[in-house]
Amino acid sequence: MFDPKLKEALSRVQKPGRYTGGEPGSVYKNKDEVDVRFAFCFPDTYEVGMSFLGEKILYELLNSHENWWCERAFMPWLDMKAEMERLSLPLYTMESKDPLTAFDAVGFTLQYELSYTNILAMLDLAGIPFYSKDRDESWPLIVAGGPCACNSEPIADFFDVVQLGEGENQLPGICAEIEKAKKEGGVSKKELLLRIAKIPGVYIPAFYDIEYYEDGRVKSITPNEPGIPAVITKAIIKNLNDFAPPTNFVVPMVGAIQDRASVEVLRGCVRGCRFCQAGFLYRPMRQRDASLLNKAAQDLCANTGYEELSLSSLSTSDHSQLEELLDDLNEWAPKEHVSLSLPSLRMDNFSQSLIEKTTKVRKSGLTFAAEAGTQRLRDVINKNVTWDEIEKTCSLAFANGYTSVKLYFMMGLPTETSEDIEGIAALGQQVVNRYYANPGKPKGKGVTVTVSVSCFVPKPFTHFQWEPQDTVEELQEKQRRLVASVKTKKISLNWHDARTSFLEGVLARGDRRLSRVIEEAYRRGCTLDSWAEHFDFDKWMEVFRDCSLDPAFYANRRRSYEEVLPWDHLDYGVSKDFLKKESLRAGEGVVTPNCRQSCSGCGAARWKGGVCVERA
């Protein structure tokens, strides 16, 4: 039965289906018969959150425990947020409609730095104090995980628990400790956190003190409780086959941005692109067996009714059994009118066979990441893709009837010159020319080459973590140069707002002093910052000035190799010495082979899993 206030709110907002729940695949339990209640919060809108595969994995995993109940909550759009504030309606979960304060733990996934103010908005709507120090045993534990946890320092003061690495083992461990403490009764919050801190990969920010030099650099990061390690090492699953992909999705009522069946085929990446944070956070590369993936995919499509299946990973075409898997999928997918999609393809292993095996039902778009416009810069970033491979890939696509290709690039990369920017347009033009040189091109059809250019953001745990980010003005000048370099309407050019990338860079490499900036930005109305129509750059800069912090200190400053970085107490298995060595090789334009060709000694072999074992 809906709360009358909720009914009133839903009658006054656009897209009420974002807030009603009741979707196929939702899990309902008797709240009086469960021991642990966990609210999984996605700090963006329903459409974005329902596209996130990690939520689906953990939702099914936690709910497989008979006495635990995992429910979902999302950031409401501004109209619903205003109604909830007007009616004093607290933020609730989709399943039970209970407020977040009714839960034992509230977990947020950290996918994007510009969602940080949304976290505070959701806590505020729930009536939960922002800071961990202000919450005693009467409040839910506030938990974080996801890729941005690798440097959660800008928001560390808001969280009781941060999970480093892969949550399939950690989150059940946290729930088990909560259940045990509840049954014991009278366990203090500090005692519970001390117990949770023993779970591999769990970071309790309150148990660490940070000292700074007068110039703002971090001086030291030290534990303040006995038995707490100086460095926390991420948790991983050594064998992905031990955790089958979810086979029941909650099917959204309001169209998600990516509304399809999705199966994670592998985790990690062998490539070693020097800009790619995810490629290093999830090392070593581990894959699931083709037979397991085929069974999970068939069950998932049967249970959800989806007619599109995405084989998800950082680099799907690097799966060693991909051809076998596609053969297995094609035994049943065409009969069920299910199309196959490979969203992460490499230009150097794209083939006629892959085209034939993924287009039996319908063609999906082709997207490739060239990343840089010149071979020199592709060598700097260790992309290991040549023009010959780009030409071969595009020729193959055009010969098979494709008339459009999307190419991804970055600008603002270390050592970048004007020639590299102009090279993006030149490469796009070469692809256009390759289409018209194709003797089998469809008659009367032109080509569209979409060139999407993002602004490079140096991230922790990459070889470029010490590099300065281009200023907003430098990036905007490069964007103007790129626009002037495109000479044909056959190229459709898109680019990112340099100001959002700048703020992303500030938050990505920031320290704990930024918590007051984030709080103040939220209090002045900054939310939904990843949505262009709501991003207020000037307001953010005003907050930085009023907090006496210089954002350029975090984004545009070159850091020395000896400097203590805000995330140096967090260990993702890739050694700092390795990152430094690769940083120097980047400066020399020297490429490093991928992990299947040669071990580069990154440190991930310590887990004795995945491709590191294959190499051994």
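Heads up: the sequence shown runs through residues 109 to 724, numbered per this note's numbering. Using N, Cα and C, we set each Cβ at its ideal position, and we do this for glycine too. Computed from a predicted structure; not experimentally measured.
When you compare the CB positions of residue i and residue j, do they come within less than 9 Å of one another, or not?
i, j, result
"Ser748", "Ser425", "Outside the displayed range of the chain (109 to 724) lies residue 748, so it cannot be described from this structure."
"Asp676", "Ile340", "no"
"Leu636", "Leu186", "yes"
"Gly681", "Gly718", "no"
"Ser562", "Trp495", "no"
"Ser134", "Val371", "no"
"Leu450", "Val469", "no"
"Lys598", "Thr556", "yes"
"Leu197", "Lys113", "yes"
"Ala314", "Leu301", "yes"
"Lys688", "Tyr669", "yes"
"Glu221", "Pro262", "yes"
"Ser459", "Leu504", "yes"
"Pro383", "Met188", "Going by the sequence as given, residue 383 is Phe instead of Pro. Cβ distance not < 9 Å, so Phe383 and Met188 don't count as in contact."
"Leu437", "Asn402", "yes"
"Phe146", "Leu170", "yes"
"Ser203", "Ala117", "The sequence shown places Glu at residue 203, not Ser. No, Cβ-Cβ distance for Glu203 and Ala117 is not below 9 Å."
"Lys205", "Asp143", "no"
"Val539", "Ile498", "yes"
DSSP state of residue i, grouped into three classes?
i, result
"Pro112", "helix"
"Cys417", "Going by the sequence as given, residue 417 is Leu instead of Cys. Leu417 falls in the strand class under three-state DSSP."
"Phe266", "helix"
"Ile599", "strand"
"Asp232", "helix"
"Asp407", "helix"
"Pro331", "strand"
"Ala398", "helix"
"Gln271", "strand"
"Ile318", "strand"
"Ala441", "coil"
"Gly367", "It is Asp, not Gly, that sits at residue 367 in the sequence shown. In this structure, Asp367 counts as coil in the three-state DSSP scheme."
"Thr570", "coil"
"Ile250", "strand"
"Ser560", "strand"
"Arg782", "Outside the displayed range of the chain (109 to 724) lies residue 782, so it cannot be described from this structure."
"Glu299", "helix"
"Val89", "It is not possible to answer for residue 89, since the shown part of the chain is limited to 109 through 724."
"Leu348", "helix"
"Arg145", "strand"
"Ala305", "coil"
"Tyr224", "helix"
"Pro255", "helix"
"Arg375", "strand"
"Val326", "strand"
"Thr209", "helix"
"Ile340", "strand"
"Val362", "coil"
Between which two residues does the alpha helix (DSSP H) carrying residue i extend?
i, result
"Thr201", "Run containing Thr201: none; DSSP gives neither H nor E here."
"Cys283", "Gly275 to Glu292"
"Asp487", "Gln483 to Val488"
"Lys613", "In the sequence on display, residue 613 carries Gly and not Lys. Residues Ala606 to Ala616."
"Leu583", "Val580 to Ser593"
"Ser623", "Ser623 to Arg631"
"Phe506", "Trp495 to Ala507"
"Phe388", "Gln385 to Leu389"
Cβ-heavy atom distance between residue i and the ligand NAP below 8 Å?
i, result
"Ile282", "The model on display carries no ligand, and the ligand NAP is accordingly not part of it."
Could you check where the beta strand (DSSP E) with residue i kicks off and where it finishes?
i, result
"Leu515", "Ser512 to Met519"
"Phe643", "Counting along the chain, Phe643 falls outside any beta strand (DSSP E), and DSSP gives it neither H nor E."
"Phe216", "Ala213 to Thr217"
"Ser449", "Ser447 to Ser449"
"Glu479", "Thr475 to Glu479"
What whole-angstrom Cβ distance do residue i and residue j have, given they're in contact under 8 Å?
i, j, result
"Glu131", "Pro353", "19 Å between Cβ atoms; not a contact."
"Gln219", "Gly254", "5 Å"
"Tyr239", "Asp265", "5 Å"
"Phe182", "Gly157", "5 Å"
"Lys491", "Cys381", "6 Å"
"Gly481", "Ile532", "4 Å"
"Thr86", "Glu179", "Because the chain spans 109 through 724 in this model, residue 86 falls outside it and cannot be assessed."
"Thr217", "Glu163", "7 Å"
"Pro248", "Ala289", "Actually they are not in contact, since the Cβ atoms of Pro248 and Ala289 sit about 13 Å apart, beyond 8 Å."
Worksheet item: What are the start and end residues of each continuous alpha helix (DSSP H) run of 4 or more residues lying completely inside the region 147–192, in chain order?
Response: 154–157 and 161–171
Practice prompt. List in chain order: all unbroken alpha helix (DSSP H) runs of 4+ residues lying wholly within the region 520–550.
Written response: 526–544
Worksheet item: Where are the alpha helix (DSSP H) runs, 4 residues long or more, that stay fully inside the region 653–697, in chain order?
Response: 659–663 and 684–696
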